[in-house]
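Asks: If you use this note's numbering, the sequence shown corresponds to residues 451 to 1313, in order.
Please read through the structure below; I'll follow up with questions.
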Amino acid sequence: MTEPRDPDHRDERDDSHGYDIAAIQAKWQPIWDELKPFATDNPADKRPRKYILDMFPYPSGDLHMGHAEAYAFGDIAARYWRQRGFNVLHPIGWDSFGLPAENAAIERGIDPVGWTYDNIAQQKASMRRYGVSFDWSRVLHTSDPEYYKWTQWLFLKLYEKGLAYRKESWVNWDPKDQTVLANEQVLPDGTSERSGAMVVKKKLTQWYFRITDYADRLLDDLNQLEGSWPTKVLSMQRNWIGRSIGADVDFEIEGRDGKLTVFTTRPDTLYGVTFMVVAPDSDLAAELVAGSTPAVQEAFAGYLASAQKNTEIERQDATREKTGIPLERFAINPVTGERIPIWTSDYVLADYGHGAVMSVPAHDQRDLDFAIKFDLPVRVVLDVNAPMTGSIPVLELDENGMAILPDDLPPLDPRATGKALIGDGRMLNSGPLDGLSKNNAIKKVIEQLEAAGTGRAAKTYRLRDWLISRQRFWGTPIPIIHGDDGELMAVPFEQLPVVLPPTDGLDLKPKGQSPLAAAENWITVPDPRDGRPARRDADTMDTFVDSSWYFLRFLSPNDPDKAFDVAEAEKWAPVDQYVGGVEHAILHLLYARFITKVLFDLGYVSFTEPFSALLNQGMVLSEGKKMSKRSPKGTTFTAEVDKYGADALRLTLAFAGPPEDNINWEDVSPAASAKFLARAFRLAIDVTSAPEIEWKTGDAALRRQTHRFLADGPALAETLKFNVLVARIMELTNATRKVIDVGAGGGDAAVREAVEVITIALSMFAPFTAEEMWERLGYQPTVALAGWRKADPTLLVEESVTAIVQVDGKVRDRIEVAPKISTDALEALARASVAVARATVGREIVNVIVRAPRLVNIATKPA
């Protein structure tokens, strides 16, 4: 008879017996290729549907550890829902247009096409090696003409709706990559997120999407996502859209026809306006200067050149010393008739509001700093010391226009203190508004402005229209033809796609205009109206346009006749779980939300938000730095898989902590994960019972633990607590090993049941190992579709619980008791404990606290 093993003893033979992960991976990948267990194209499949989507990668080289983490989490979710009986759509593609490929091709003297698709092939091979359960029949590349034909179709739909337009304006210019950037692509330090160069301003005619038309919906619909998107992302989106509510106020300008309109959130302070400021890079400033003296024009030209060297972030820095020049022009205050000077300063932005502000220095710190710097008037119109109930007297003004206050109040003199008066209070020095609270004054002054035709309630936004044109080759061509008379014409649908020309003979180096402009055979086309020579638009689209709708193309990736099948969208979309990095919290997500709402308005989809739930995984760090394809040799994705196997890498990432937390690679151990997988694998080898054995005959305690795991697992998976679920798999593995080694052995029915449950659960994290275990247990592939088993409710009832008995705060005994034991009975058992009696010798029991059935706390004092 074999002696029972010490459960704590492990040797290399035991831990690795039959477990060769390289051989297992090589065995199962071709079998999965043949079986296609993750395909979702069977129309007869009646299972409920789930759409799990990972943010698709850019093909800049092989996968790195950040990819490994993101795709592990997305795959765990996809595999979990398949085990729960769902038909899961889990596709993959590549965001394959863009500057990095073009720059890499220029550096290497090669075609960006070849460089891009070689990298795609490498990443695809790595993904397959990683065991990710993608539906490989739905692969897409945004640089395929079959894909970007529909990106061009989408552009034309926006153009028809008036949401795509072209205008001349100041834009962010990347001097290194020689292309424009959207505001979102300029980092806080003023550099390009693409090249790292310091961004400058340049005036160009560019294509825009009118995303501001959807600002309110983009903001308000975030409420739909509360609880299913990270709070941080929702805040970032709200702040970026930046809705402000106030009024548009019309000022007359001396010597100018028409009005100067400003937006203000504080129209109640109109009586405190003492000057106006316009942005130096606004069209309004140029117009006003044109009517000024030559000296002003010369000074303005120098000031404008200086201002354009500063980034928007720098210009909005409240601590920065104010600069500016007077334009020697004057506006008329619409409520007082007062003549006020107009200045220009770079703390005002051309694309916020109307590019001009009414300055109320007593109640705005930036305006006050400017007024003090240039000795401009400061007039108080809000008494922040006034009570907010009852009435207050109207205060007199001194010779300097300052309110004369009672001696017992702090002085309202912002010029003296250098601090603007901010907050609520009562209006003063404001004519009919005097004595009103701020909110009531805002309401009344808007009524006054509307009655006079000099203003109206309004809203403005931090959000700007989406600048989509780029002066580079490797992107989706804009499907517009320019007539020689300046007329813009949409390329007819039947002529789509407008395909990029070959790069032979093209100089792709950045030169301030698109290389396509030099491709004469491509850019010269017949005018659709009369056949005369016309020219294609030479710019290409921002790659965020490609990725703004790709989740829909996955529904019909091979359809030559439509971007996506509306019926398929009804079946699958929106995405149930989206997984990707928080670096896309503003750009990509905002644009995808915008395009979804446009398609909703056009009748193509029935939903208004593309991603129902969002998981932002943390970063994988090494020595405090984000790991990437440039990580030191030995810590790259390929090196880790070579050394430990795909399953150990996946399990390590899942077990490291909550998915949203960063992972320090020095703090985790793929080697320990590999060792655990070998132990779990050995369970399948040690099972000696047949698959049809009656489980009820097995070890009762192990069965209870197995069914508690089955009951708890779904909640852990659905709340993305993957690390806790892995810990529970490890606990069940240890409990099963104990029964095998010191209990009934591998023939026990409960052992088979537990190992089967472990294998099914492990298939989410370590699919290769689990598949081999499933076969060893006597089943046909694939374990990925085995199904999560139901917990037996009779096994979830605890037969006994452990009650802790403390004496003066120290644990003295543990007693197994019935779950429904009474308070009196539990106290009696505790008092009868030998350990308690020993601990209370020579002491008097003064208090007993009983929390049945878990705790008895006995307090004593010297007898």
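C-beta: ideal position from N, C-alpha, C; glycine also.
Just so it is clear, the structure is predicted and the values come from calculations on it, not from any experiment.
(1) Nearest CA to the CA of M577: which residue from G1148, I782 and G543?
(2) What's the C-alpha gap between K626 and G612?
(3) Should L1064 be flagged as near chain B, meaning a C-beta pair shorter than 9 Å?
(4) Quick one: any contact between the segment 782 to 789 and the segment 717 to 730, if contact means 3 or more CB pairs under 8 Å?
(5) Mapping the DSSP letters down to three states, classify D504 as helix, strand or coil.
(6) Following the continuous alpha helix (DSSP H) through S997, name the residue where it begins and the one where it ends.
(7) With burial defined as no fewer than 16 other Cβ atoms inside 10 Å of the residue's Cβ, what is the status of T1186: buried or exposed?
(8) Considering Cα atoms alone, identify which of S887, K869 and S998 is closest to R876.
(9) What three-state label does DSSP hand P811 in the structure shown?
(10) Might you give, ordered along the chain, the residues of its own chain that have their beta carbon closer than 7 Å to the beta carbon of A697, omitting 5 neighbours on each side?
(11) Cβ atoms of R986 and G933: under 9 Å apart, would you say?
(12) Check whether the segment 1227 to 1240 touches the segment 1139 to 1159, taking contact to mean three or more Cβ pairs, one atom from each stretch, closer than 8 Å.
(13) With which residues is T974 paired in a DSSP beta bridge?
(14) Whose CA, out of E1110, P562 and G936, lies closest to the CA of G511?
(15) Can you tell me whether Q475 is buried or exposed, with buried defined as 16 or more other CB within 10 angstroms of its CB?
(16) Kindly indicate the opening and closing residues of the alpha helix (DSSP H) around T681.
(17) Can you check whether the CB of D1258 is closer than 9 Å to the CB of A1289?
(18) Taking only runs that begin and end inside the segment 848 to 930, name each unbroken beta strand (DSSP E) of 3 or more residues, in chain order.
(19) Which residues mark the beginning and the end of the alpha helix (DSSP H) in which Y609 is found?
(20) Assuming V831 contacts N879 under a Cβ cut-off of 8 Å, what Cβ separation, rounded to an integer in Å, is found between them?
(21) Specify, as a first and last residue, the run of the alpha helix (DSSP H) that I703 falls within.
(22) Reducing DSSP to helix, strand and coil, say where M1180 ends up.
(23) Can the beta-carbon of G1196 be found less than 9 Å from the beta-carbon of D1136?
(24) Should the segment 519 to 528 be regarded as contacting the segment 547 to 566, the criterion being three or more beta carbon pairs within less than 8 Å?
(25) Whose C-beta lies closer than 7 Å to the C-beta of V649 among residues of the same chain, with five residues either side of it excluded?
(26) Using C-beta distances below 8 Å, list every residue in its chain close to G741, excluding the 5 sequence neighbours before and after it, in chain order.
(27) Use the C-beta contact count for T681: other C-beta atoms within 10 angstroms, 16 or more gives buried, fewer gives exposed.
(28) Rounded to the nearest angstrom, how far is the Cβ of V746 from that of A735, given a contact under 8 Å?
(29) Evaluate the contact criterion for the segment 1019 to 1028 versus the segment 496 to 504: three or more CB pairs, one atom per stretch, below 8 Å.
(30) For H591, which three-state DSSP category applies?
(31) Quick check: what's the CA-CA separation for V1298 versus S1283?
(32) Could you check what DSSP says for N673 in three-state terms: helix, strand or coil?
(33) Quick test of your reading: P730 and A757, contact by CB under 8 Å. State the CB separation rounded to the nearest angstrom.
(34) Quick one: using the 10 Å Cβ neighbour count with 16 as the cut-off for buried, is Q763 buried or exposed?
(35) Of all the options Q533, D568, P509 and H540, which has the alpha carbon lying nearest to the alpha carbon of G548?
Replies: Taking the structure as given:
(1) G543
(2) 33 Å
(3) Note that chain B does not occur in the displayed structure, where there is just one protein chain.
(4) yes
(5) strand
(6) T993 to S997
(7) buried
(8) S887
(9) helix
(10) T714, P717, I896, L899, G905, R906, A907 and A908
(11) no
(12) yes
(13) R985
(14) P562
(15) buried
(16) T681 to I691
(17) yes
(18) 905 to 910
(19) P595 to E610
(20) 5 Å
(21) I703 -> not in any alpha helix (DSSP H); beta strand (DSSP E) instead, spanning S694 to I703.
(22) helix
(23) yes
(24) no
(25) N622, W623, D624, L631, V636, G640, T641, S642 and T761
(26) G705, R706 and R779
(27) exposed
(28) Not confirmed; about 11 Å, so no contact.
(29) yes
(30) strand
(31) 14 Å
(32) helix
(33) 5 Å
(34) Looking at the sequence itself, residue 763 is Ile, so the reference to Gln does not match. Exposed is the call here.
(35) P509
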